[in-house]
Amino acid sequence: MVGEVGGEVLDQGAAAAVTYTWEGLYLAAGYNQSKDVSDRGARYDGGSNNAAGEDIWGVSAQYQFLPNVSARVMYEELGSVNDGASASAIKEIFGLGATFNYGQGNLYADVYDVSYVGDISSSNPWAIGVDYRFSPMRVYAEIFDEDASGENIDDSLLYTVGIRYDF
Numbered sequence: 138m139v140g141e142v143g144g145e146v147l148d149q150g151a152a153a154a155v156t157y158t159w160e161g162l163y164l165a166a167g168y169n170q171s172k173d174v175s176d177r178g179a180r181y182d183g184g185s186n187n188a189a190g191e192d193i194w195g196v197s198a199q200y201q202f203l204p205n206v207s208a209r210v211m212y213e214e215l216g217s218v219n220d221g222a223s224a225s226a227i228k229e230i231f232g233l234g235a236t237f238n239y240g241q242g243n244l245y246a247d248v249y250d251v252s253y254v255g256d257i258s259s260s261n262p263w264a265i266g267v268d269y270r271f272s273p274m275r276v277y278a279e280i281f282d283e284d285a286s287g288e289n290i291d292d293s294l295l296y297t298v299g300i301r302y303d304f
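Heads up: the sequence shown is residues 138 to 304, going by the working numbering.
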């Protein structure tokens, strides 16, 4: 959909997602129209565009094997790649993860295989975290490693701690 506000042309994007749950199985699929339209003098209203490609879509599945253990798999892909896309733009991501619920919280870990638009070798970032619930609050800590190599890349571990309050 295209509109005009104050003489500026604005494109509006579309996004959709569906989920399905059956017993211990959770399935999800999503799509985001995220194309770069700056060459046509337009931009999306309310957000930035994806200069690398036309759209993004992904699927994921999670299965709860035991009352306190679940595993997940996900795949995300950038659609048609634009001619001027940066070689370092992400083309696709494949991920695996697991969660252990220890009663008052979760211990979780994820690992990804990331491939890029250019001839850059893929990277394998990973994350591990733990959270603890105090109703209605949750505290958490995570460690993340980009696992990337190359010039001018800081591959230091990233640490996050936080508090989440649910109203």
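All C-beta atoms in this analysis are idealised placements derived from N, C-alpha and C, irrespective of residue type, glycine included.
These numbers were taken from a predicted model, which means no experiment stands behind them.
Looking at the structure shown, is residue i part of a helix, part of a strand, or coil, going by DSSP?
{"i": "residue 292", "result": "coil"}
{"i": "residue 272", "result": "coil"}
{"i": "residue 151", "result": "coil"}
{"i": "residue 279", "result": "strand"}
{"i": "residue 241", "result": "coil"}
{"i": "residue 284", "result": "coil"}
For residue i, count neighbouring Cβ atoms within 10 angstroms of its own Cβ and tell me buried if that reaches 16, exposed if not.
{"i": "residue 300", "result": "exposed"}
{"i": "residue 232", "result": "buried"}
{"i": "residue 215", "result": "buried"}
{"i": "residue 255", "result": "exposed"}
{"i": "residue 251", "result": "buried"}
{"i": "residue 296", "result": "exposed"}
{"i": "residue 161", "result": "exposed"}
{"i": "residue 157", "result": "exposed"}
Would you mind working out which of the options sits nearest residue i, comparing C-alpha positions?
{"i": "residue 239", "options": "209, 154, 229 and 204", "result": "204"}
{"i": "residue 264", "options": "236, 275 and 271", "result": "236"}
Leaving out the 5 sequence neighbours to the left and right, which residues in its chain are closer than 8 Å to residue i when beta-carbon positions are compared?
{"i": "residue 294", "result": "280, 281 and 282"}
Enumerate in chain order the residues of its own chain whose CB-to-CB distance from residue i is below 6 Å, with the five nearest sequence positions on each side excluded.
{"i": "residue 206", "result": "237"}
Excluding sequence positions up to five away, which residues of its chain have a Cβ less than 7 Å from the Cβ of residue i?
{"i": "residue 213", "result": "193, 195, 229 and 230"}
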